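In the working numbering, the protein residues as written are 14 to 175.
Cβ coordinates follow ideal geometry from the N, Cα and C atoms, glycine included.
Source: prediction; values computed, not measured.
Take a look at the structure:
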């Protein structure tokens, strides 16, 4: 059942931003997740529709210490525990251990796999040992930005003079 729920977990950059901003403004991550879920019951209902709660089954999630992943994991943890009856452990780790944990089975899932680009090397290494159950958010990407007053045409222009 957790697999089905995780495959249904879809949200927007604005959804994630609400949780991230609340945390940055001083709300505890767990409370920010609860507040978001309470504010968006239709979305939560869609994720859990037809799923039967369990009675304290353990589930282990891992995540990187990125604001986006703190937000995602806390929302997942809240819904899994409060709506579906799991006992969730959320482990904050570096990216390498996050992937090796899922691939090796010491962790059940992560919502912090940035595919296809950011974690492409880990995907290449572990794709036969993990199951990609889908995209949780579309239309987002990570990249490099500089202030508009910096006169550059390419990243090469950022190199210091020799």
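Q: Note down the Cα distance separating residue 97 from residue 104, rounded to an integer number of angstroms.
A: 19 Å
Q | Candidates 56, 101 and 134: closest to residue 25 by CA position | A | 56
(Q) Between the alpha carbons of residue 177 and residue 29, how many angstroms are there, rounded? (A) Residue 177 lies beyond the range of the chain shown here (14 to 175); nothing can be said about it.
Q: Indicate the three-state DSSP secondary structure (helix, strand or coil) for residue 103 in the structure shown.
A: strand
Q | C-beta atoms of residue 116 and residue 19 nearer than 8 Å | A | no
(Q) In whole angstroms, give me the CA-to-CA distance for residue 94 and residue 100. (A) 6 Å
Q | Endpoints, beta strand (DSSP E) assigned at residue 73 | A | 71-76
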